[in-house]
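Peer 1: Below you'll find the structure I mean.
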Amino acid sequence: MEADFAHAISSWDGKSTVLLLDIYQAQAQSTDFANQLVDALQVPEAQQAATWLLKHHLEQGGVIDFYGLNHALSEADLFGALMADANSHLHLLQIMPMIKADLAFATRAQKHVWQQLIDKGHQSRHKFVRAWSWQGEFELLRASDATAQHIAEYTSRVTAALDVEKGAVAARLRNIARMLAKF
Numbered sequence: 002m003e004a005d006f007a008h009a010i011s012s013w014d015g016k017s018t019v020l021l022l023d024i025y026q027a028q029a030q031s032t033d034f035a036n037q038l039v040d041a042l043q044v045p046e047a048q049q050a051a052t053w054l055l056k057h058h059l060e061q062g063g064v065i066d067f068y069g070l071n072h073a074l075s076e077a078d079l080f081g082a083l084m085a086d087a088n089s090h091l092h093l094l095q096i097m098p099m100i101k102a103d104l105a106f107a108t109r110a111q112k113h114v115w116q117q118l119i120d121k122g123h124q125s126r127h128k129f130v131r132a133w134s135w136q137g138e139f140e141l142l143r144a145s146d147a148t149a150q151h152i153a154e155y156t157s158r159v160t161a162a163l164d165v166e167k168g169a170v171a172a173r174l175r176n177i178a179r180m181l182a183k184f
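The letter at position 11 of the sequence shown is residue 12 when you use my numbering, and the numbering goes up by one with no holes.
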């Protein structure tokens, strides 16, 4: 079944969400749906669709096995493949606000996986990946026992980035700066 699921979503064209929404409607109530999504991350042709479905599933109030996802992401080959695809990278960054409770209880090693995702995103040539990397870093900061010094350093980096970033990235940074002011 898992191979069939990965095969079904690997035919996604990366644009129209009709296929993915149909699959979601048909599969989302399955008890192992979230596990199938994490397993599909291991199939290169299915990764972009799997990350989109993972994000959609969380947006719809679904739950995932954070530890299973984190374990899958910690696999070096998988991590590299996901980082090579800007859309997969973006989808993973976009789920961070939805898993902040899990991040709060994550171990240092588990948070390191997400920090790597963020660090690679800051270097991306894709503006939305960069924008969401800043948001992801904010979520990780909120989920940790950040010291006043760490918060001040991050605030300083956000302010400096505002001087060079434009458009969507700058808008995200302004939102983060407002949230940091209330932190």
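Just so you know, even glycine gets a beta-carbon here, dropped at the ideal spot from N, CA and C.
1) Report back the beta-carbon spacing between A144 and A105 to the nearest angstrom; my notes put them in contact at under 8 Å.
2) Quick test of your reading: Q136 and I100, contact by CB under 8 Å. State the CB separation rounded to the nearest angstrom.
3) Would you say H58 and A82 are within 8 Å of each other, going by their C-beta atoms?
4) With a threshold of 16 other CB atoms inside 10 Å of the CB of M2, please say whether the residue is buried or exposed.
5) Taking Cβ positions, are E138 and I152 nearer each other than 8 Å?
6) Have a look at A41 and H123 and give me their C-alpha separation to the nearest angstrom.
7) For the alpha helix (DSSP H) containing H151, name the first residue and the last one.
8) Using three-state DSSP, classify A82 as helix, strand or coil.
9) Please say whether V44 and S11 have beta carbons closer to each other than 8 Å?
10) Assuming R175 is part of the alpha helix (DSSP H), what are its boundary residues?
11) Among the candidates S125, P98, D86 and A73, whose CA atom is the shortest distance from the CA of Q111?
12) At what residues does the alpha helix (DSSP H) containing H92 begin and finish?
13) Please classify E140 as buried or exposed, where buried requires at least 16 neighbouring CB atoms within 10 angstroms.
14) Looking only at C-alpha atoms, which of E60, A107, Q26 and T160 sits nearest to L70?
15) Please say whether L93 and A50 have beta carbons closer to each other than 8 Å?
16) Are D86 and Q48 closer than 8 Å when you measure CB to CB?
17) Could you check what DSSP says for L21 in three-state terms: helix, strand or coil?
18) With a Cβ-Cβ cutoff of 8 Å, do V165 and R131 count as a contact?
19) Kindly indicate which residue of H8, S75, Q116 and A29 has the alpha-carbon position closest to the one of E60.
Peer 2: Well, looking at it:
1) Approximately 4 Å separates the beta-carbon atoms of A144 and A105; this is inside 8 Å, confirming the contact.
2) In fact, because the Cβ distance is near 13 Å, the residues do not count as touching under 8 Å.
3) no
4) With a pLDDT of only 49 at M2, under the threshold of 50, the placement of this residue in the model should not be trusted, and no figure is reported.
5) no
6) 26 Å
7) That run of the alpha helix (DSSP H) goes A149 to L163.
8) helix
9) At the C-beta level, S11 and V44 come within 8 Å of one another.
10) G168 to A182
11) Nearest option by C-alpha distance: A73.
12) A87 to I96
13) Result: buried.
14) Selected option, being the one with the closest Cα: A107.
15) no
16) yes
17) helix
18) no
19) A29
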